[in-house]
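Be aware that the sequence shown starts at 38, since it is given in this note's numbering, and climbs by one per residue.
Built from N, CA and C at the ideal position, the CB exists for glycine as well.
Here the structure comes first, spelled out in structure tokens, and everything after it is commentary.
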Amino acid sequence: MVAERVNRPLDTLQRFWPDKEAILYDALRYLSQQVDIWRRQLLLDETLSAEQKLLARYSALSECVSNNRYPGCLFIAACTFYPDPAHPIHQLADQQKRAAHDFTHELLTMLEIDDPAMVARQMELVLEGCLSRMLVNRSQADVDTAQRLAEDILRFAQCRQGGALT
């Protein structure tokens, strides 16, 4: 199928990717690099506040929905086919999930949020739930709801930080 789409003989591609697993790994690695670049650019964007950077993923998901794309999470999907934590594809997915958490944690730390590790886990779970729902419902409303929940988690953490909830 790939060979047909790029108009190349299959044996030419098989030198680089001898099986489906090899091409899947390279595709996920490429996606991982693109996501890492996007996060780095976002972190360096001085026109956005830390809060805006934390919520930027929802804007990106809204753009996907407006383009009739419902990506879900390819890293989670890959883990369903490669559930062994020692498998390279599973490890790549785990690495990407840790990087997403670290991104969120870094921004929460910049905001001096109390217990940024816990708040980062909460925000990442909301995002993962949104990605899963997008696959099923293909709905902008789910993205909006997830963004609102992420905003609420952030506000709650900021209130706790300010002593309003003690």
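Around the beta carbon of C116, a 10 Å sphere encloses 16 or more other beta carbons of the protein chains shown; the residue is thus reported as buried. DSSP, read as helix, strand or coil, puts E149 in coil. Its Cα nearest to that of E165, the residue Q133 stands out among M147, C196 and Q133. Segment contact: the stretch 120-137 against the stretch 174-186, fewer than three CB-CB distances shorter than 8 angstroms; contact not assigned. Around the beta carbon of T49, a 10 Å sphere encloses fewer than 16 other beta carbons of the protein chains shown; the residue is thus reported as exposed. Counted as a single uninterrupted DSSP element, the alpha helix (DSSP H) harbouring L68 occupies residues K57 to L81. In this structure, DSSP gives N105 a state outside helix and strand, which the three-state scheme calls coil. Nearest to G109 by alpha-carbon distance, out of S103, L98, F118 and Y119, is L98. DSSP places R185 inside the alpha helix (DSSP H), whose first and last residues are Q177 to Q198.
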